[in-house]
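Chains A and B, in that order, give the protein sequences. Residues in the first sequence are numbered consecutively from 1, following my numbering. Residues in the second sequence are numbered consecutively from 1, following my numbering.
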Amino acid sequence: MLRYVSRRLLFCVFVVWALATVTFILVHLIPGDPVRLALGPRVSQHIVNTERGRLGLDNPLLTQYVSYLNMLLHGNLGTSLALGSSVTYILGQRVMPSLLLISYGLLIAVLIGVPLAIVSAVRPNGRADHGTRLFTTFVFGMPTFWLGLMIALLFGLKLNWFPVSGYVSGVTGLFRTLTLPALTLGLSLVVLVTRSLRFNLIQVLNSEYIEAARSRGIAERRIVFIHAMRNAVMPTFTILSAVIGFLIGGTVILEQVFQIPGVGSLLLQAVLNRDYSLVEAITLIAGTLVVAASLLADILQAVLDPRVRLSR
Amino acid sequence: MRLRRVAVSVVAALLGVTSLATIGGSAYGVRSAKGGSASTGVPRANSTSNSACNGTPVSGGSLVYARGTATETLNPWSILNGDGDIFAIDLIYQGLVGFDSAGLNKVIPGVAKSWTISPNGLTYTFNLRPGVKFSNGQPVTAQDVAWSLNQFGNPKVNSVMAVLAVGYHHASVVNSSTVAITLTHPVAAFLNNIATFDAAVLPENLVKKEGASFWKHPVGSGPFVLQSFVSGSHVTFVRNPYYWDKPLPYLNKVTFDFALDSNSRLLELESGQAQIADLITPSQIPTLQANNKLVLAQHNIPAWIGLYPNEKYKPLANLDVRLAIANAIDRNLIKKEIFHGIGTIPNNVFGQLKYDGSNSQVPPYKYDVAKAKNLMVKAGYPHGFNVTLQYPTGFDYFGQLTLLIKQELGAIGIKVTLVPLATATMTANWSLMKYQLTFFGSIISSDIPLPDEYAAFEADPTSSGLNGFFTGWKNLKIWAMVQKFTSTTSEASRALQWPKIQAAFMQQQPAINVLDYPIVTAHAKDICGANLNILGVDQLQNTWIAPSK
Numbered sequence: 001m002l003r004y005v006s007r008r009l010l011f012c013v014f015v016v017w018a019l020a021t022v023t024f025i026l027v028h029l030i031p032g033d034p035v036r037l038a039l040g041p042r043v044s045q046h047i048v049n050t051e052r053g054r055l056g057l058d059n060p061l062l063t064q065y066v067s068y069l070n071m072l073l074h075g076n077l078g079t080s081l082a083l084g085s086s087v088t089y090i091l092g093q094r095v096m097p098s099l100l101l102i103s104y105g106l107l108i109a110v111l112i113g114v115p116l117a118i119v120s121a122v123r124p125n126g127r128a129d130h131g132t133r134l135f136t137t138f139v140f141g142m143p144t145f146w147l148g149l150m151i152a153l154l155f156g157l158k159l160n161w162f163p164v165s166g167y168v169s170g171v172t173g174l175f176r177t178l179t180l181p182a183l184t185l186g187l188s189l190v191v192l193v194t195r196s197l198r199f200n201l202i203q204v205l206n207s208e209y210i211e212a213a214r215s216r217g218i219a220e221r222r223i224v225f226i227h228a229m230r231n232a233v234m235p236t237f238t239i240l241s242a243v244i245g246f247l248i249g250g251t252v253i254l255e256q257v258f259q260i261p262g263v264g265s266l267l268l269q270a271v272l273n274r275d276y277s278l279v280e281a282i283t284l285i286a287g288t289l290v291v292a293a294s295l296l297a298d299i300l301q302a303v304l305d306p307r308v309r310l311s312r
Numbered sequence: 001m002r003l004r005r006v007a008v009s010v011v012a013a014l015l016g017v018t019s020l021a022t023i024g025g026s027a028y029g030v031r032s033a034k035g036g037s038a039s040t041g042v043p044r045a046n047s048t049s050n051s052a053c054n055g056t057p058v059s060g061g062s063l064v065y066a067r068g069t070a071t072e073t074l075n076p077w078s079i080l081n082g083d084g085d086i087f088a089i090d091l092i093y094q095g096l097v098g099f100d101s102a103g104l105n106k107v108i109p110g111v112a113k114s115w116t117i118s119p120n121g122l123t124y125t126f127n128l129r130p131g132v133k134f135s136n137g138q139p140v141t142a143q144d145v146a147w148s149l150n151q152f153g154n155p156k157v158n159s160v161m162a163v164l165a166v167g168y169h170h171a172s173v174v175n176s177s178t179v180a181i182t183l184t185h186p187v188a189a190f191l192n193n194i195a196t197f198d199a200a201v202l203p204e205n206l207v208k209k210e211g212a213s214f215w216k217h218p219v220g221s222g223p224f225v226l227q228s229f230v231s232g233s234h235v236t237f238v239r240n241p242y243y244w245d246k247p248l249p250y251l252n253k254v255t256f257d258f259a260l261d262s263n264s265r266l267l268e269l270e271s272g273q274a275q276i277a278d279l280i281t282p283s284q285i286p287t288l289q290a291n292n293k294l295v296l297a298q299h300n301i302p303a304w305i306g307l308y309p310n311e312k313y314k315p316l317a318n319l320d321v322r323l324a325i326a327n328a329i330d331r332n333l334i335k336k337e338i339f340h341g342i343g344t345i346p347n348n349v350f351g352q353l354k355y356d357g358s359n360s361q362v363p364p365y366k367y368d369v370a371k372a373k374n375l376m377v378k379a380g381y382p383h384g385f386n387v388t389l390q391y392p393t394g395f396d397y398f399g400q401l402t403l404l405i406k407q408e409l410g411a412i413g414i415k416v417t418l419v420p421l422a423t424a425t426m427t428a429n430w431s432l433m434k435y436q437l438t439f440f441g442s443i444i445s446s447d448i449p450l451p452d453e454y455a456a457f458e459a460d461p462t463s464s465g466l467n468g469f470f471t472g473w474k475n476l477k478i479w480a481m482v483q484k485f486t487s488t489t490s491e492a493s494r495a496l497q498w499p500k501i502q503a504a505f506m507q508q509q510p511a512i513n514v515l516d517y518p519i520v521t522a523h524a525k526d527i528c529g530a531n532l533n534i535l536g537v538d539q540l541q542n543t544w545i546a547p548s549k
């Protein structure tokens, strides 16, 4: 087991390094000058070039890369070119709203997705199953920003149940302001939860040990919720851990539409401003989270199922 | 013509959906979508469209303003996000002078109650208003004023807007109620330059003592005080109890909600969550006009949509080609079909500025395809040439505008390849002159309502200049005229000089003005006095909420 975990950990370190490197290269390859953007159009190119020199942006890319890795190894994420503060400080201000939004979105996805999956799996190809598949396909097919606007239009403008946008702290404020964006995020995830769980449940419900349980006269409800769910939910958990990247990506647009001061909207502005340090830091952190979640899921699976660790 | 209009309408309808993805934002002097015209039913800001506002202003109430740009800093000498910072800064601080809050193009007293200018135009002496206090109750002293102005004049401190401190030498305390500012050479626009946000008066002792933390809880002498600032979400202000101009401000509390998405601003306004929204996009105007609970207001400021030709590309260095392009653009069609009737056909390569000659003095742009074709023949390009046109993505109207221009230039043989680019790339390409034709920013606006700034940007051929505003254009005769104009302090003489310079620029077309474009804001019907100053900024001190009947 220890050997398996060590190998996975080493692989994760390699993935994080590769991610940092690819992000660094891509960010610097995007056309656009962060210094020109920061100083505005009214200053001469000479002043812009002087500032680029001061910031080390005129050094060869390799020199900048080595300096970047050196900073990372010392736990320094750098300074935002556009906002003039340390990246760590900026992220500290913005990380909580995103975490809350993602957690709330995930909860909604599970609350909607699991019952739908059970209803579908119990009677495959029945009316409920068709309805669920139609609903999840419809929701999945809608662009996130459009779905968000429609939800804001319905629950905010027409029904006036929640504010159309904004962010207020405190339990009541968070519930009021995060519900609509979390619902949007959750709905866009429902298809993954529902389809994955439905597929696994159908397989498990047709397995021999379930047939044996039925033949022993155990109630169908108990079979589904206790015997089948235990085995069907694990692959869904693995999928959910892998979609953390999708969730973080979803917040980029949603936070903009719903005015949530989180990391997603910060990333969007950072990209538009060509704010190298900020883009690199957010991408690296998001990537590390995905890798960590994937590692955790692998380890959990290995703990629960010895075949996994023995086969690798 | 009819076919073309149909084509434009279809294109507009198809592209209208892209407004959903529009992301607000502005660089300094480059703004996002705005609009307004009396001809479209969008009233001028000062027209009274609501009878509730005919009564006497009343104090009290809170207002939420859905802003298209976020505030990032409250440091007036180091703004980070253009208008997003400027709008907040102008609520907290005040300078010696300011701009008329009702939108007139004039400088009005602020912390200074009056001033005199020496005959040689080199010394400005300001008499301070007695009893002015900062929001912490501390008196505004002559030393605070002199120190603050010297920060404004120091390009190492005021790095972003150093251009406005042109000619600034030094401010010194004459006595406890008088400050004198000396210049290195006469600068006719000086009073306008120090009426801008970066010439704010701040408490020297607190800024020095607190350093960077001062900007987290700043103290100024403006109408409002910072209450809270949540980065990326909102900034809230409350009435400054020490504001000198009693009974202003009328409002108790103002919140700027950072609604960067244009549709979010619209939803906030329609739901009543916000009472005012800025950066109304052209495609939103019909929706807002149909809502009888809201008022659309047009604010004329010096802003325009400018097409820039790079003279490094040989055909565009030819004056006749530039004139042909200027004549080939049907501005009336653009105004009607793309901007819903908003905007003004310009008679200036820049926006509408003080001293501009009338249309009879300087004729506006005309749409004349036959003349454009003749100019192409005269230029030696009877069969036209190929050219690329860069334009910023994220603005629905630019997609439509560039398609129309491509069609119109095609009619005189110029084959246009459209190159949509992110704003960051556009700006970099423009300043490095890596383009042929470009709309380098969405909408260009002047920092002051006088021609001095942009005339110098365009004409200054010296190393401290901007290389014809990054077009490579050069004309020493016009530069001499501009130099004389910018150093003339006599208003009468300047009023005589500028229309000639304006006409000379029009004859040269170093930049092609497509349309003068105002700001359009929208607000709830019970919001009164929601005027912007000539630069599109609102201190909100005259804004009040009409009591419900």
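Built from N, CA and C at the ideal position, the CB exists for glycine as well. Remember, it's a predicted structure, so these values are computed and weren't measured experimentally.
For residue 263 (chain B), the nearest CB of chain A lies under 8 Å from its own CB, placing it at the interface with that chain.
Considering only beta carbons, the part of the segment 89 to 103 of chain A lying closer than 7 Å to chain B consists of 93, 94, in chain order. Inside the segment 149 to 212 of chain B, DSSP marks whole beta strand (DSSP E) runs of 3 or more residues at positions 168 to 175, 178 to 183, from first to last along the chain. Rounded to the nearest whole angstrom, the C-alpha separation of residue 181 (chain A) and residue 150 (chain A) is 11 Å. In this structure, the straight-line span from the alpha carbon of residue 478 (chain B) to that of residue 447 (chain B) is close to 22 Å. Beta bridge pairing from DSSP links residue 257 (chain B) with B:66, B:234.
For residue 304 (chain B), the enclosing beta strand (DSSP E) starts and ends at 303 to 309. When only Cα atoms are considered, residue 245 (chain A) and residue 236 (chain A) end up about 16 Å apart. The residues 110, 111, 200, 201, 220, 221, 222, in chain order, have a CB closer than 7 Å to that of residue 94 (chain B) in the same chain once the five nearest residues on each side in sequence are set aside.
Of the residues assessed, residue 216 (chain B) falls on the exposed side of the cut-off, its CB having fewer than 16 other CB atoms within 10 angstroms. Taking 8 Å as the CB threshold, residue 286 (chain A) stays off the interface with chain B.
Of all residues in the segment 517 to 549 of chain B, none is placed with a Cβ closer than 7 Å to any Cβ belonging to chain A. For the segment 422 to 444 of chain B, the residues whose beta carbon sits under 8 Å from a beta carbon of chain A are, in order, 422, 423, 424, 425, 427, 428, 429, 430, 431, 432, 440, 441. Chain B has no Cβ within less than 8 Å of the Cβ of residue 86 (chain A). With a threshold of 8 Å between beta carbons, residue 458 (chain B) makes no contact with chain A.
The contact set of residue 29 (chain A) on chain B, defined by CB atoms closer than 8 Å, is empty, because the minimum CB distance reaches about 12 Å. Counting only residues of its own chain and dropping the five nearest sequence neighbours on each side, residue 356 (chain B) has a CB closer than 8 Å to the CB of 347, 348, 362, 451, 498, 499, 502. By the neighbour-count definition (other C-beta atoms within 10 Å, threshold 16), residue 299 (chain B) is a buried residue. Residue-level contact check: residue 267 (chain B) touches chain A, since one or more beta carbons of chain A fall below 8 Å from its beta carbon. Residue range 491 to 508 is occupied by the alpha helix (DSSP H) that includes residue 504 (chain B). Contact with chain B is absent for residue 58 (chain A), since none of that chain's Cβ atoms lies less than 8 Å from the residue's Cβ. With three or more CB-CB distances shorter than 8 Å, the segment 243 to 256 of chain B counts as touching the segment 55 to 75 of chain B. By the CB criterion at 8 Å, residue 129 (chain B) and residue 244 (chain B) fall inside the cutoff. For the segment 457 to 482 of chain B, residues whose beta-carbon sits nearer than 9 Å to a beta-carbon of chain A comprise 457, 463, 464, 465, 466, 467, 469, 470. Per DSSP, the beta bridge partners of residue 523 (chain B) are B:276, B:295. Using a Cβ-Cβ cut-off of 8 Å, residue 167 (chain A) counts as an interface residue toward chain B, since at least one Cβ of chain B sits closer than that to its own. In this structure, DSSP gives residue 250 (chain B) a state outside helix and strand, which the three-state scheme calls coil. Among the residues of chain B, those whose CB is under 7 Å from the CB of residue 163 (chain A) are 273, following chain order. When rounded, the separation of the alpha-carbon atoms in residue 213 (chain B) and residue 205 (chain B) is 13 Å. Within the segment 226 to 259 of chain B, contact with chain A at the beta-carbon level (separation under 9 Å) is assigned to 230, 231, 232, 233, 234, 257, 258, 259. When C-beta atoms of the segment 177 to 190 of chain B are compared with those of the segment 115 to 123 of chain B, three or more pairs fall below 8 Å, so the two segments count as touching. Approximately 16 Å separates the beta-carbon atoms of residue 510 (chain B) and residue 462 (chain B); this is outside 8 Å, ruling out the contact. Relative to residue 394 (chain B), the option among B:169, B:532, B:260 whose CA is nearest is B:260. Sequence-distant partners of residue 480 (chain B) (beyond 5 residues in either direction) whose C-beta falls short of 6 Å from its own C-beta are missing from its chain.
Out of A:152, A:27, A:6, A:105, the CA that lies nearest to the CA of residue 263 (chain B) is found in A:152. Annotation for residue 135 (chain B): no beta strand (DSSP E) segment contains it, and DSSP assigns it neither H nor E.
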